[in-house]
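Residue numbers (the numbering used here), protein chains in the order written: chain A, 1 to 416; chain B, 1001 to 1237.
Right under this line is the structure:
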């Protein structure tokens, strides 16, 4: 494989006109650099959005109460109603495509005043009633203790999970909050877990105190009422159908006109996700096209130069053929040079591209405003790029090489 | 070794057809030292190119080492050239970025001889031609005579049956020309057939047989063997 003469020939031919070789190589180098950088940045965009979505279930839908817009069964329009805990039971029983259903209740934040106290410490946090299933729909990272479970719900336990900001403000660094109590709106609640949001934009917050929604209903005199819930469809089931089934159950139970779509607020999150992912696929595709386009330009440059190189070396090729070089050897040699030039230049483009992407990653690290998060160059992309380079390198060399051996040795020898 | 019967060759340039070789009949035996003479345009170089498988003849029969040469693949022609033939050119045709030793070793590279072995052989051959100390020099550091000696070393390193020399002294002064001719005669003495194309009378007269070409035909063949035997390497004035 490592043939000194071959390498000597490759380097000799390329060294003959260094500037030209370097300029040609730069075409390829920039091609691969742009391809790699674009793909790396694309990955960064994607990571950013994905991190803001967290592990939010993509096949989910959200429901919330609104006022009715149609009079129905003797009830007036513009009527206000609330979901009840029995709605959840009814939906669970009669909607087979349902996977999880998770009610949530926003408690009061204290407005401008503090709502949470512990000894000397105090803070103003967001209070939420939630259900165990919420952790399936919009998961959080349970950093210590546990999340709220069914028994907490059933027994109206006065237990809470707290977000990192709460822990930070209400506890010393070396204190273990698990088992401790916080006085929230005048009631002592026991901390059973600390949780960290996985997503930035999907309703999970750092300054949150969560308790079983049943506990919140009881503590704050909400009866069995709540305003909104999330639901996910089973794998393979349509979220649209899930929505329709839930809608008709809720409409029936709350005497809402079957056509009064406005009465029950509803949003198909699955569709949003599809749009977002579709957008990313398009951007990724576009980046590939642009990158490959630039790369192709560089490779055409190589092919051009190989044409010139071959022409310049016509006589040398003639000499070699006179002393016994077979056409395959001549072609092989030219292709070697072309592949060497493209992969060598491409390799540096790849290295530079990776460095640039790393640099962008470092520069945007920890920045909240940045639209780019952890950009990186996929190792597969790197290999694909190198494969493309070798392939086009062969192609770039092949055409001039075939042209070179079409010249009869005698004519090649006579060439000046 | 070489037998030609009614060889024709013409070139088409645009609309013109140039009939260069108009029926060449020739027999060159193994071990001969032959020169082909003629003025420019006589077809001598074309003939040499056909003999050297660098070009195809249009018509006629060419037997090389008892093998008929017809239209063949370039791969096969390359192998025959590598096995049977050695070339010496007027302009030396050394590869400029290879040193003397590597130039001499190149035909062995195409024979797939290992690098060390072929470089050792190349130095041996350079030594034979008095150029051992120049083995590492690049062609542009050598004089014309030295270059031609390197080229000759390259032509004989594969131990060919025939050396084809196209104006081997054309670019050399007369003193160096004689040296080169002496080398070619020495090679011939070792049993290798040598065919020299030249337009210089004195060079031609150093060979055993002169084939005079004129307008694509053999005009005359002069046997000079006896003269050469007695006068050795002196050039007739």
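Here a beta-carbon is modelled for each residue, glycine too, at the ideal position from N, C-alpha and C. Please read these numbers as outputs of a predicted model, since none were measured by experiment.
Inset, instruction - Tell me, please, whether the CB atom of residue 409 (chain A) is closer than 7 angstroms to any CB atom in chain B? - result: yes
Legend entry - Beta-bridge pairing of residue 316 (chain A) - partner residues as DSSP gives them: Answer is none; residue 316 (chain A) lacks a bridge partner.
Legend entry - Amino acids of chain A, ordered along the chain, whose beta-carbon sits closer than 8 angstroms to that of residue 1141 (chain B): What residue 1141 (chain B) touches in chain A: nothing, since even the nearest Cβ is about 16 angstroms away.
Inset, instruction - Output yes if chain A places a C-beta closer than 7 angstroms to the C-beta of residue 1229 (chain B); else output no. - result: Since pLDDT at residue 1229 (chain B) reaches only 46, below the 50 mark, its modelled position is unreliable, and no value is offered.
Legend entry - residue 94 (chain A) burial status per 10 Å Cβ neighbour count (16 or more: buried): exposed
Legend entry - Interface flag, residue 1092 (chain B) vs chain A, CB-CB below 7 angstroms: no
Inset, instruction - List the residues of chain A whose Cβ lies closer than 8 angstroms to the Cβ of residue 1095 (chain B), in chain order. - result: 316, 319 and 320
Inset, instruction - Ignoring anything shorter than 4 residues or poking outside the region 72-130 of chain A, list the alpha helix (DSSP H) runs there in chain order. - result: 85-94
Legend entry - Residue-level contact to chain B via CB, residue 378 (chain A), 7 angstroms cutoff: no
Inset, instruction - Could you check if residue 1075 (chain B) is buried or exposed, using at least 16 other CB atoms within 10 Å of its CB as the buried criterion? - result: exposed
Legend entry - Bridge-paired residues (DSSP) for residue 1037 (chain B): B:1198 and B:1212
Legend entry - Closer than 7 angstroms to chain B by CB, residue 12 (chain A): yes
Legend entry - Contacts of residue 326 (chain A) in chain B (Cβ-Cβ under 8 angstroms): 1074, 1075, 1078, 1079 and 1110
Legend entry - Selected residue, minimal CA-CA separation from residue 45 (chain A), among A:281, A:234 and A:354: A:281
Inset, instruction - Assess, as a yes-or-no matter, whether the region 238-255 of chain A is touched by the region 152-161 of chain A under the definition of 3 or more beta carbon pairs within less than 8 angstroms. - result: no
Legend entry - Contact the region 1163-1170 of chain B vs the region 1086-1094 of chain B: 3+ CB pairs below 8 angstroms: yes
Legend entry - For residue 397 (chain A), the three-state DSSP class (helix, strand or coil): helix
Inset, instruction - Just the chain A side, please: which residues come within less than 9 angstroms of residue 967 (chain B) by C-beta, in chain order? - result: The displayed coordinates of chain B run from 1001 to 1237. Any statement about residue 967 (chain B) would go beyond what the structure contains.
Inset, instruction - Kindly list, in the order they appear in chain A, the residues whose Cβ is closer than 7 angstroms to that of residue 1107 (chain B). - result: 323 and 324
Inset, instruction - Given a cut-off of 7 angstroms, decide if residue 89 (chain A) and residue 125 (chain A) are closer than it, judged by their beta-carbon atoms. - result: no
Inset, instruction - Flag this pair as yes or no: are the beta carbons of residue 59 (chain A) and residue 270 (chain A) separated by less than 7 angstroms? - result: yes
Legend entry - Interface partners of residue 413 (chain A) on chain B, CB under 8 angstroms: 1054, 1089 and 1093
Legend entry - Cβ contact check for the region 1190-1207 of chain B and the region 1093-1110 of chain B: 3 or more pairs under 8 angstroms: no
Legend entry - Contacting residues, own chain, Cβ-Cβ under 8 angstroms from residue 1006 (chain B) (five flanking each side not counted): 1023, 1024, 1025, 1059, 1060 and 1061
Inset, instruction - Kindly list, in the order they appear in chain A, the residues whose Cβ is closer than 7 angstroms to that of residue 1049 (chain B). - result: 410
Inset, instruction - Using 10 angstroms around the beta-carbon of residue 1230 (chain B), count the other beta-carbons present and answer buried if the total reaches 16, otherwise exposed. - result: For residue 1230 (chain B), the predicted model reports a pLDDT of 43, less than 50, meaning its position is unreliable; a value from the coordinates is still stated below. Exposed, since its Cβ has fewer than 16 Cβ neighbours within 10 Å.
Legend entry - 8 angstroms Cβ cut-off: residues of chain B touching residue 4 (chain A): 1115
Legend entry - Straight-line Cα distance separating residue 290 (chain A) from residue 40 (chain A): 13 angstroms
Legend entry - Residue-chain proximity (residue 1082 (chain B), chain A), Cβ-Cβ < 7 angstroms: yes
Legend entry - Continuous alpha helix (DSSP H) stretch holding residue 1183 (chain B): start and end: 1174-1189
Legend entry - Endpoints, the beta strand (DSSP E) within which residue 1017 (chain B) is located: 1016-1028
Inset, instruction - Return the CA-CA distance between residue 173 (chain A) and residue 223 (chain A), expressed in angstroms with no decimal places. - result: 38 angstroms
Inset, instruction - To the nearest angstrom, report how far apart residue 190 (chain A) and residue 220 (chain A) are at their CA atoms. - result: 17 angstroms
Legend entry - Listed by chain order, chain B residues near residue 405 (chain A) by CB distance under 8 angstroms: 1074
Legend entry - Selection of the region 1128-1162 of chain B by Cβ proximity to chain A, strictly under 9 angstroms: 1154, 1155 and 1158
Legend entry - Uninterrupted beta strand (DSSP E) stretches inside the region 20-81 of chain A (no shorter than 3 residues): 60-65
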